[in-house]
Amino acid sequence: MPAESYSKKNENNNPSPRADWEVAIIIVAYEGDAWIPDCIESLKASTQINALVLLIDNKNNTKLISGEIGSLTIHSFKTPHPMGFADANNFALMKVPSSVPNICFLNQDTLSQKNWLEEGLNCLHQNPQLGAVSPMLKNYQGTDWDKEFQFLLKNQPDFESDWLNCSDRRSVAKIHLVDDIPATAMIVKTEVIKRSGPFDNIFGSYYEDFDLCMRIRKSGYHVAVSPQSIIFHYSGSISQTKEARRKRSRWVIRNRTVLKIRSSQGPRWLKAWRHLIINGSLQTLRAILRTPSSSPLRSVALAHIDLIGILPRLCSCKIDKKKWDQFLEEINWESFATQHHSLNENFTH
79 MPAESYSKKN ENNNPSPRAD WEVAIIIVAY EGDAWIPDCI ESLKASTQIN ALVLLIDNKN
139 NTKLISGEIG SLTIHSFKTP HPMGFADANN FALMKVPSSV PNICFLNQDT LSQKNWLEEG
199 LNCLHQNPQL GAVSPMLKNY QGTDWDKEFQ FLLKNQPDFE SDWLNCSDRR SVAKIHLVDD
259 IPATAMIVKT EVIKRSGPFD NIFGSYYEDF DLCMRIRKSG YHVAVSPQSI IFHYSGSISQ
319 TKEARRKRSR WVIRNRTVLK IRSSQGPRWL KAWRHLIING SLQTLRAILR TPSSSPLRSV
379 ALAHIDLIGI LPRLCSCKID KKKWDQFLEE INWESFATQH HSLNENFTH
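The numbering of the sequence shown is the working numbering, which starts it at 79 and goes up by one.
The following block contains the structure:
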């Protein structure tokens, strides 16, 4: 991603800082006409928080707006070309006035519920060591838990069944500490993301949020979900066609492998060999046999071709960190993160 695609200095209409903004909310719209009006309207109705909203036109949107709506101040921007989720959010992130104390990444296919934003911000305010928080995610109708979110919670080290079973949210803990939260409606302290760095563009789309959570935790902060905070999520608004679903499958396989190599223990070259050769062979066999939950063979093959293309970075922590540092320099991250010294301390994949 060229630096000029991100840099604040090339934008003449970036939002001017306002002292009353408690949070900057970034919404990336990708073919979002079916989702954005309800997303914005529900957000407006759900909160009294004074918030800056950065609405990003990432492809084929005709219903984006700017102006004052309720307690929201909306600014719309267009990306220079369609970007992955990581790049599109970073594009917006570089436009956030550094004086805004919190940043929220909000998916276009969400329906905000009353006070979810207030609850999340209260969690951050009341817990100095908490770096990022997510609401509980339900499906778009609000009838059950979002399946991917439910699966994520159940795989957290300290998960307890009552996290999902408690009917009276007022009686449960204020927060549940976890390792990972999705960027569906993630709220991060600005001071924390200055230390951890932005989304890593190696991911494009999918798993960039878990990678960010890992860096937040390595920076010495906690990550949590707030049981008092609820949001509805469709999950899959950009994967409506067969080709889009195949593309998603390819990126999920690729990026899950990148994250596993980075996060697990042991020599990087050995982990890369195990994931690419052994796990890759098993995935290919399952795709050929079309076993339940297997991915399309084309998606598996293209994902592993992608991984071979970044093999030096997967096999070497030194090369990986060098590429990360180059990326931060290219996007002029230091202009946003005044605590530049911390950027090299927390990339320890």
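Idealized CB from N, CA, C, for every residue including glycine.
Same chain, Cβ closer than 6 Å to residue 120, five either side skipped, listed in chain order
If we look at residue 120 and ignore the five residues flanking it on each side, its Cβ neighbours are 189 and 190.
In three-state DSSP terms, what is residue 136?
In this structure, residue 136 counts as strand in the three-state DSSP scheme.
With distances taken from CA atoms, which of 222, 300, 226 and 255 is nearest residue 238?
Answer by Cα proximity: 255.
Measure the Cβ-Cβ separation of residue 265 and residue 303 and say whether it is below 8 Å.
If you check the CB distance, residue 265 and residue 303 do not come in under 8 Å.
CB-CB length for residue 104 against residue 229, believed under 8 Å
Between residue 104 and residue 229 the beta-carbon gap is near 25 Å, outside 8 Å, which marks them as no contact.
Residues bridged to residue 155 [DSSP beta-bridge criterion]
DSSP output for residue 155 lists 134 as bridge partner(s).
Beta-carbon within less than 7 Å of residue 198's beta-carbon, same chain only, minus the 5 sequence neighbours each way: which residues are those?
These residues qualify, in order along the chain: 211, 213, 265, 304 and 307.
Taking C-alpha atoms, which residue in 173, 387 and 202 lies nearest to residue 253?
Considering only 173, 387 and 202, the residue with the shortest C-alpha distance to residue 253 is 202.
Please name the residue, chosen from 95, 102, 133 and 92, that lies closest to residue 109 on a Cα-to-Cα basis.
That would be 133, whose Cα lies nearest to the Cα of residue 109.
Kindly list the residues whose CB is nearer than 6 Å to the CB of residue 364, restricted to its own chain and excluding five residues on each side of it in sequence; keep chain order.
The residues are 372.
Distance, residue 140 Cα to residue 125 Cα:
Their backbone Cα atoms lie some 25 Å apart in a straight line.
Exposed or buried, which one is residue 376 when buried takes at least 16 other CB atoms within 10 Å?
Residue 376 comes out exposed.
With contact counted as at least three CB pairs below 8 Å, one residue from each stretch, are the region 278 to 296 and the region 319 to 335 in contact?
Flag = yes, the region 278 to 296 and the region 319 to 335 touch.
Any idea what DSSP makes of residue 115, helix, strand or coil?
Here residue 115 sits in helix by DSSP.
Roughly how many angstroms lie between the CA atoms of residue 272 and residue 369, to the nearest whole one?
The C-alpha of residue 272 lies about 44 Å from the C-alpha of residue 369.
Nonlocal neighbours in the same chain, by C-beta distance under 6 Å from residue 156, ignoring five residues either side:
Answer for residue 156: 135, listed in chain order.
Per the DSSP calculation, residue 174 is bridged to which residue(s)?
By DSSP's assignment, residue 174 forms no beta bridge with any residue.
Extract the residue ranges of the alpha helix (DSSP H) inside the region 241 to 295, only unbroken runs of 4 or more that lie entirely within it.
Runs of the alpha helix (DSSP H) spanning 4 or more residues and lying entirely within the region 241 to 295 occur at 268 to 274, in chain order.
Assuming residue 380 and residue 328 are in contact, meaning their beta carbons sit under 8 Å apart, how far apart are those beta carbons, in whole angstroms?
The Cβ separation is near 5 Å, so the contact holds.
What does DSSP give as the partner residues of residue 214 in its beta bridges?
As a beta-bridge residue in DSSP terms, residue 214 pairs with 308.
Contact check, residue 311 vs residue 233, beta carbons under 8 Å
Not in contact: residue 311 and residue 233 (Cβ atoms no closer than 8 Å).
Along the chain, where does the beta strand (DSSP E) that runs through residue 387 open and close?
Looking at the DSSP string, residue 387 is not in any beta strand (DSSP E); the run it does join, the alpha helix (DSSP H), is 375 to 387.
Three or more C-beta pairs under 8 Å: does that hold for the region 337 to 348 against the region 384 to 398?
Contact between the region 337 to 348 and the region 384 to 398 is established, with three or more Cβ pairs separated by less than 8 Å.
What are the boundary residues of the beta strand (DSSP E) that residue 357 is part of?
Judged by DSSP secondary structure, residue 357 falls outside any beta strand (DSSP E); it is assigned neither H nor E.
Count the other CB atoms within 10 Å of the CB of residue 361; is the residue buried (16 or more) or exposed (fewer)?
Burial state of residue 361 is buried, judged by a 10 Å Cβ sphere holding 16 or more other Cβ atoms.
Going by DSSP, what residue range makes up the beta strand (DSSP E) through residue 319?
DSSP places residue 319 outside any beta strand (DSSP E), giving it a letter other than H or E.
Who are the Cβ neighbours of residue 97 in its own chain at under 8 Å, not counting the five residues just before and after it?
Residues of the same chain with a CB within less than 8 Å of the CB of residue 97, apart from the 5 flanking positions on each side, are 177 in chain order.
From what residue to what residue does the beta strand (DSSP E) around residue 104 run?
First-last of the beta strand (DSSP E) with residue 104: 101 to 108.
Buried or exposed, going by whether 16 or more other CB atoms sit within 10 Å of the CB of residue 359?
Residue 359 is exposed by the Cβ-count criterion.
Taking residue 167 and residue 106 to be in contact with their CB atoms under 8 Å, please state how far apart those CB atoms are, rounded to whole angstroms.
Contact flag correct, Cβ pair sits at about 6 Å.
Closest by CA to residue 225, which one among 243, 174, 280 and 313?
Closest by C-alpha distance to residue 225, out of 243, 174, 280 and 313, is 313.
Leaving out five residues before and five after residue 270 in sequence, what residues of the same chain have Cβ atoms less than 8 Å from its Cβ?
Apart from sequence neighbours up to five positions away, the residues of its chain that approach residue 270 with a beta-carbon distance below 8 Å are 209, 210, 294, 297 and 299, ordered along the chain.
Am I right that residue 309 and residue 261 are in contact with their C-beta atoms under 8 Å? What's the rounded C-beta distance?
No, residue 309 and residue 261 are not in contact; Cβ-Cβ is about 12 Å, not under 8 Å.
Beta-carbon within less than 7 Å of residue 405's beta-carbon, same chain only, minus the 5 sequence neighbours each way: which residues are those?
Cβ neighbours of residue 405 beyond the five flanking positions: 279.
How many angstroms separate the CA atom of residue 150 from the CA atom of residue 378?
Between residue 150 and residue 378, the C-alpha separation is close to 43 Å.
Express the C-alpha separation of residue 403 and residue 412 in angstroms, rounding to a whole number.
C-alpha separation (whole angstroms): 11 Å.
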